[in-house]
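Trainee: Going by our numbering, the sequence shown opens with residue 6, and the numbers climb by one from there. Note that CB positions come from ideal geometry on N, CA and C, so glycine has one too. Input: one structure, supplied below.
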Amino acid sequence: MNADISFVQSEQALHEEAMQQSGTGDFGDCSYLEGMRVVLAAYDGEAKFHPAGRQAARATLVQALKTRLRSQQLLQQHAAVLTREIRRPVIVLGLVRTGSTALHHLLGQDPDINVLEYWLAAHPQPRPPRSQWRDLPDFQESAAEIEGMYAFDPSLRGVHLMAPDLAEECRHLLAQSFTDDAYEVNATVPSYTKWYENGHHRAAYLRHRDLIKLIGSTAPADRRWILKYPVHMKHLGALLEVYPDACIVQTHRDPSRVLASYIDLIAGFRAIFEQDIDRAAIGREQLEVWAAGSERAIAVRREHHPSQFFDLYFHEFVADPIGSVRRIYERFGLSLSAAAEERMRQWQQSTPEGKHGKRHTMEDVGITRAEVLDRFAAYMKYFDLKPE
């Protein structure tokens, strides 16, 4: 990308490059353009890209458009899948760094459910037989992408376990609508943050549902989905409009014990794109983003029946992961087979998760623990959380 050409001025060129690379030209409904244009303007006016980061940001935009194009083509080719229903999906959400990834991987061992594997999230398509996966270019591309991230920052492997065939977050599905926190995580874009955090992104979740239908179309229609993305907490209203019968698992922990690690993770990602990483500014930004998001979620929960939610506290999950899974299944009237439980035990024994190395504190980024607890006071009170 010519550094003299702004991101805003490149909108058409980005679309044309994506169309040329994908060989198709239908992006679906135009709802994605609003978010994309907010991103482009923020990249021009606010982001602090170094030269390589500017190129990487452009490549990310083209990739999101390419994925949208290919997804749209497959949705048209398999239009019948859109008549499927997604009944009572189990959706894990909540504050970051509260054990949700370990829980998701554990739940993903149940052979009777659908999970969103990394490579299919990145390349939505009807799920082929597992025996074919390793020979598929999309699978291989996802494997290379993950290894590239770990090579750039080896500490990431211990912070967030990823593999092309493991259950993954919903971020890829939302990114192709330009409504995902990856855009604010990877760059300093306060105007996008304001738009994204305060928007009601129903259109993005409708597309999310269509993509889930597409991916799961080769499985029995009644196979339940288990999905996970902490970010869904911040947009719980739109999520429940699209999935009104969802079974919500919200994970919890003292916010003052989780945000510091997440801020350091963001700083690592931003270093790929930006210069002069300001951890203190990231800390203030994320403190407000997640506190406000937790308050929006509380407001939404007050409008729904408590039976639709299960609250899982970090100390309970750490003390008894399998017991926590049993309680989730019991809460929502689901059946946990002996085979599924045994697979979960084997996974737990062979794949320890949650060992993050250095323990970070908010004081490292100039925010006192008291400030965090004060900003999250409404959250702590509503969920009866005690400081650790």
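1) Answer yes or no: do Leu-112 and Met-238 have a C-beta to C-beta separation smaller than 7 Å?
2) Starting from Lys-391, trace the alpha helix (DSSP H) both ways and give me its first and last residue.
3) Let me check one thing: in DSSP terms, what residues is Cys-252 bridge-paired to?
4) Measuring straight from C-alpha to C-alpha, what distance separates Pro-311 and Ile-217?
5) Give me, in chain order, the residues of the same chain whose beta-carbon lies closer than 6 Å to that of Met-24; leave out the 5 immediate sequence neighbours on both sides.
6) Please return the same chain residues whose Cβ sits closer than 8 Å to the Cβ of Glu-16, not counting the five positions on each side in sequence.
7) Tell me the DSSP secondary structure of Glu-152 in three-state form.
8) My parser needs the alpha helix (DSSP H) runs of 4 or more residues fully inside the segment 31-105; what are they?
9) Give me the residue from His-320, Thr-373, Arg-63 and Pro-129 with the minimum Cα distance to Leu-79.
10) Based on the DSSP output, what are the partners of His-165 in its beta bridges?
11) For the segment 223-241 against the segment 54-63, are there 3 or more C-beta pairs whose distance is under 8 Å?
12) With H, G and I counted as helix, E and B as strand and the rest as coil, what does DSSP make of Leu-121?
13) Do the segment 307-325 and the segment 252-260 make contact, defined as three or more Cβ pairs closer than 8 Å?
14) Tyr-318 lies in the beta strand (DSSP E); which residues open and close that run?
15) Ignore the nearest five residues each way along the sequence and tell me which others in Ser-27's own chain have a CB closer than 6 Å to its CB.
16) Where does Glu-90 land, buried or exposed, given buried means 16+ other C-beta within 10 angstroms?
17) Give me the DSSP bridge partner(s) of Ile-231.
18) Measuring only the C-alpha atoms, how far is Asp-143 from Trp-124?
19) Is the distance from the Cβ of Gln-291 to the Cβ of Ile-277 below 7 Å?
20) Out of Leu-219, Leu-264 and Ser-11, which has the shortest C-alpha to C-alpha gap to Leu-178?
21) Is it true that the CB of Phe-314 sits closer than 7 Å to the CB of Ile-372?
22) What did DSSP end up calling His-309 once you bin it into helix, strand or coil?
23) Is Tyr-37 closer than 7 Å to Ser-266 when the C-beta atoms are compared?
24) Please list the terminal residues of the continuous alpha helix (DSSP H) segment that includes Glu-335.
25) Whose CA, out of Asp-227, His-110 and Thr-366, lies closest to the CA of Thr-356?
26) By alpha-carbon positions, which one of Thr-103, Glu-189 and Ile-287 ends up nearest to Val-1?
27) Over what stretch of residues does the alpha helix (DSSP H) that includes Phe-278 continue unbroken?
28) Would you be able to state if there are at least three C-beta pairs under 8 Å between the segment 163-180 and the segment 196-215?
29) Compute the distance between the beta-carbons of Glu-202 and Val-294, then report whether it is under 7 Å.
30) Indicate the three-state DSSP secondary structure (helix, strand or coil) for Ala-172 in the structure shown.
31) With C-beta atoms as the reference, is Ala-52 less than 7 Å away from Thr-193?
32) What would DSSP say about His-205, mapped onto helix, strand or coil?
33) The alpha helix (DSSP H) spanning Glu-189 covers which residue range?
34) Where DSSP assigns a beta bridge to His-257, which residues make up the other side?
35) If you follow the alpha helix (DSSP H) that Leu-241 is part of, which residue opens it and which one closes it?
Mentor: Taking the coordinates as given:
1) Numbered from its first residue, the sequence shown carries residue 112 at position 107. Numbered from its first residue, the sequence shown carries residue 238 at position 233. Not in contact: Leu-112 and Met-238 (Cβ atoms no closer than 7 Å).
2) Taking the sequence shown and counting its residues from 1, the one referred to as residue 391 is at position 386. Secondary structure note for Lys-391: it is in no alpha helix (DSSP H), with a DSSP letter that is neither H nor E.
3) Numbered from its first residue, the sequence shown carries residue 252 at position 247. Cys-252 is bridged to Val-95.
4) Walking along the sequence shown from the start, residue 311 turns up at place 306. Walking along the sequence shown from the start, residue 217 turns up at place 212. When rounded, the separation of the alpha-carbon atoms in Pro-311 and Ile-217 is 26 Å.
5) Here residue 24 refers to the residue found at position 19 when the sequence shown is read from its first residue. Excluding residues within five positions, the ones whose Cβ falls inside 6 Å are Gly-30.
6) The residue labelled residue 16 in the question sits at position 11 within the sequence shown. For Glu-16, same chain residues with a beta-carbon under 8 Å away, outside a window of 5 residues either side, are Met-41, Arg-42 and Leu-45 in chain order.
7) Here the question's residue 152 lines up with position 147 in the sequence shown. In the structure shown, Glu-152 sits in a helix (DSSP, three-state: H, G or I).
8) The segment 31-105 contains these whole alpha helix (DSSP H) runs: 37-50 and 56-82.
9) Within the sequence shown, numbered from 1, the residue matching residue 79 stands at position 74. It is Pro-129 whose Cα lies nearest to the Cα of Leu-79.
10) The sequence position of residue 165 within the sequence shown is 160, counting from 1. DSSP output for His-165 lists no bridge partner at all.
11) The answer is no - the segment 54-63 does not touch the segment 223-241, with fewer than three Cβ pairs under 8 Å.
12) The residue labelled residue 121 in the question sits at position 116 within the sequence shown. Residue state, collapsed to three classes: coil.
13) Between the segment 307-325 and the segment 252-260, the count of C-beta pairs closer than 8 Å reaches three or more; the two stretches touch.
14) Here the question's residue 318 lines up with position 313 in the sequence shown. Here the beta strand (DSSP E) through Tyr-318 covers 314-318.
15) Mapped onto the sequence shown, residue 27 falls at position 22. Same-chain partners within the cutoff: Lys-71, Leu-74 and Arg-75.
16) As a position in the sequence shown, residue 90 is number 85, starting the count at 1. So Glu-90 counts as exposed.
17) Locating residue 231 in the sequence shown gives position 226, counting from the first residue. Note: Ile-231 sits in a beta bridge opposite Val-95 and Val-120.
18) The count along the sequence shown starts at 1 and reaches residue 143 at position 138. The count along the sequence shown starts at 1 and reaches residue 124 at position 119. Computed Cα separation, rounded: 7 Å.
19) Position 286 of the sequence shown, counting from 1, holds the residue named residue 291. Position 272 of the sequence shown, counting from 1, holds the residue named residue 277. Cβ distance not < 7 Å, so Gln-291 and Ile-277 don't count as in contact.
20) Taking the sequence shown and counting its residues from 1, the one referred to as residue 178 is at position 173. Of the candidates Leu-219, Leu-264 and Ser-11, the one whose C-alpha sits nearest the C-alpha of Leu-178 is Leu-219.
21) Within the sequence shown, numbered from 1, the residue matching residue 372 stands at position 367. Within the sequence shown, numbered from 1, the residue matching residue 314 stands at position 309. No, the Cβ-Cβ distance between Ile-372 and Phe-314 is not below 7 Å.
22) Position 304 of the sequence shown holds residue 309. Coil at His-309, not helix or strand.
23) Here residue 266 refers to the residue found at position 261 of the sequence shown. Here residue 37 refers to the residue found at position 32 of the sequence shown. Not in contact: Ser-266 and Tyr-37 (Cβ atoms no closer than 7 Å).
24) Locating residue 335 in the sequence shown gives position 330, counting from the first residue. Segment 326-336, the alpha helix (DSSP H) holding Glu-335.
25) Start at 1 with the first residue of the sequence shown, and residue 356 comes out as number 351. The shortest Cα separation from Thr-356 among Asp-227, His-110 and Thr-366 belongs to His-110.
26) As displayed, the chain neither begins before 6 nor continues past 393, which places residue 1 out of reach and without an answer.
27) Counted from its first residue, the sequence shown places residue 278 at position 273. Following the DSSP letters along the chain, one finds Phe-278 inside the alpha helix (DSSP H) bounded by residues 264-278.
28) In short, these stretches touch, since the Cβ pair count reaches three.
29) Within the sequence shown, the letter at position 197 stands for residue 202. Within the sequence shown, the letter at position 289 stands for residue 294. Result yes, Cβ atoms of Glu-202 and Val-294 sit closer than 7 Å.
30) Position 167 of the sequence shown, counted from the first residue, corresponds to residue 172. Note: Ala-172 maps to strand in three-state DSSP.
31) Residue 52 sits at position 47 when you count from the first residue of the sequence shown. Residue 193 sits at position 188 when you count from the first residue of the sequence shown. The answer is yes: Cβ separation under 7 Å.
32) Counting from 1 along the sequence shown, the entry for residue 205 is found at position 200. Three-state DSSP puts His-205 in coil, outside helix and strand.
33) Sequence index remark: in the sequence shown, residue 189 carries index 184 (1-based). 187-190 is the span of the alpha helix (DSSP H), which, as asked, contains Glu-189.
34) The residue given as residue 257 occupies position 252 in the sequence shown. Paired residues: Tyr-318.
35) Against the sequence shown, residue 241 aligns to sequence position 236. Counting along the chain, the unbroken alpha helix (DSSP H) around Leu-241 starts and ends at 241-247.
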